[in-house]
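Engineer:
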C-alpha cells in the first residue's frame, strides 16, 4: 500500500502547485455556473478524506472541527476565507496524508462500516475507501482547473 500513499501525495502536491499563484480574491471567487470556489474544493478534499477514512471507521477526524464541518460533503462556501485561512487549508494537504499513512500502518482502520457513495461505488473496507479517494480528488482537481480558467476573465 506504500505506493498508494505516495500517489496520493503526488495528487495533493499537484493541487497545491495548480493554485500556488492565486490571490485571496481568486481563491474565494465563485465563477458563474459553479456552486463553490477553489478554496472550498481544497478544504473539501481534506474534510472528505477525513470523513471517508476516519469517521467511517468510527474514529475522530484528525482536523480541527471547523475545517471538517465547513468543508465536509454537503457544505457550500459560507464565508470569505482570508489569506491565513487559505494557508491553513493548504498546509493540511500533505500532513493529512502522512497521518493517514501512519494510522493505516498501525492498523487503526480494522473496523470499517461499508457504504455506497453517491457515485454508486461500494466501499467495503479502508483499502477500497482509500482507492476511491483518487476518483474523488480527481473530480475536485477538475473543478479547480475549470475554475482557474474562469479566473482569466475575473
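In the working numbering, the protein residues as written are 310 to 463. Every residue, glycine too, gets a C-beta built ideally from N, C-alpha and C.
Under a three-way DSSP split, which group does residue 432 fall into?
Structural biologist: Residue state, collapsed to three classes: strand.
Engineer: Output the boundary residues of the alpha helix (DSSP H) element that contains residue 352.
Structural biologist: It spans 347-362 - the alpha helix (DSSP H) in which residue 352 sits, taken as one unbroken run.
Engineer: Measure how close the beta-carbons of residue 328 and residue 438 come, nearest whole angstrom, since I'm counting them as under 8 Å.
Structural biologist: Their Cβ separation, rounded to whole angstroms, is 26 Å, which puts residue 328 and residue 438 out of contact at 8 Å.
Engineer: In the DSSP assignment, what residue or residues form a beta bridge with residue 425?
Structural biologist: Partner(s): 431.
Engineer: Run the CB neighbour count on residue 372, radius 10 Å, all protein chains shown included, and call it buried at 16 or more, exposed below.
Structural biologist: Flag for residue 372 reads buried.
Engineer: Can you confirm whether the stretch 408-427 touches the stretch 341-356 when touching is taken to mean that 3 or more C-beta pairs between the two stretches lie within less than 8 Å?
Structural biologist: Short answer: they don't touch.
Engineer: Tell me where the alpha helix (DSSP H) around residue 320 begins and ends.
Structural biologist: 311-328 is the extent of the alpha helix (DSSP H) around residue 320.
Engineer: In angstroms with no decimal places, state the Cα-to-Cα distance between residue 457 and residue 347.
Structural biologist: Whole-angstrom Cα-Cα distance: 8 Å.
Engineer: Using the Cβ count rule (16 or more neighbours within 10 Å means buried), how would you classify residue 407?
Structural biologist: It counts as exposed.
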